[in-house]
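Have a look at the structure below, then the notes.
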C-alpha cells in the first residue's frame, strides 16, 4: 500500500497532499483491529476497505478494556511484564519481528 505524506494547508484549516490538493478524510473505524487480527487478516481487511474507497483506518494502540494485559493474536502484550500482572509502560515490547509494536505498524 502506498502512503502519502500529508501536511497542513497554509491557512491551517485542512490537510493537504504534497501536491497541494485537499485530502478528504474518509475513515473506517476498527478500534481493536491490531489486537484481534493477525497480519494476513489485517492486510486483507485493509485491501477490502481501500477497494471500498476508504483512505484512513482508525485504530487504537491500547484499548480501554484491559489493554495492557490482553495479548494480541500473536500472544504479545504492549509492554514488558516486570512482575506478575505488572507491566512497565517505559519498557515497550520490541523483541523480535513479531513484537506488539511491529504488528501495530
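In our numbering, the protein residues as written are 268 to 372.
Beta carbons: idealized from backbone N, C-alpha and C, even for Gly.
> Going by the beta-carbon positions, is the gap between residue 283 and residue 290 smaller than 7 Å?
Replying inline: Numbered from 1 along the chain shown, position 16 holds the residue referred to as residue 283. Numbered from 1 along the chain shown, position 23 holds the residue referred to as residue 290. Closer than 7 Å, so yes.
> What residues in its chain sit with their C-beta under 6 Å from that of residue 295, if we drop five residues either side in the sequence?
Replying inline: As a first step, residue 295 is located in the chain shown; it is residue number 28 there, counting from the start. Cβ within range, chain order: 316, 321 and 324.
> Between the C-alpha atoms of residue 365 and residue 335, what's the straight-line distance to the nearest angstrom?
Replying inline: Stepping through the chain shown from its first residue, residue 365 is reached at position 98. Stepping through the chain shown from its first residue, residue 335 is reached at position 68. Near 17 Å, if we compare the C-alpha coordinates of residue 335 and residue 365.
>> I'd like to check one pair, residue 297 with residue 326: are the Cβ atoms closer than 7 Å?
In response: The residue you call residue 326 lines up with position 59 of the chain shown. The residue you call residue 297 lines up with position 30 of the chain shown. Contact: yes.
> Which whole-angstrom value is the C-beta distance of residue 306 and residue 370, which I expect to be below 8 Å?
Replying inline: Translated into the one-based positions of the chain shown, residue 306 becomes position 39. Translated into the one-based positions of the chain shown, residue 370 becomes position 103. So it is a contact: roughly 7 Å between Cβ atoms.
>> Helix, strand or coil, according to DSSP, for residue 301 in the structure here?
In response: For the purposes of this step, residue 301 is identified with residue 34 of the chain shown, where counting begins at 1. It is helical.
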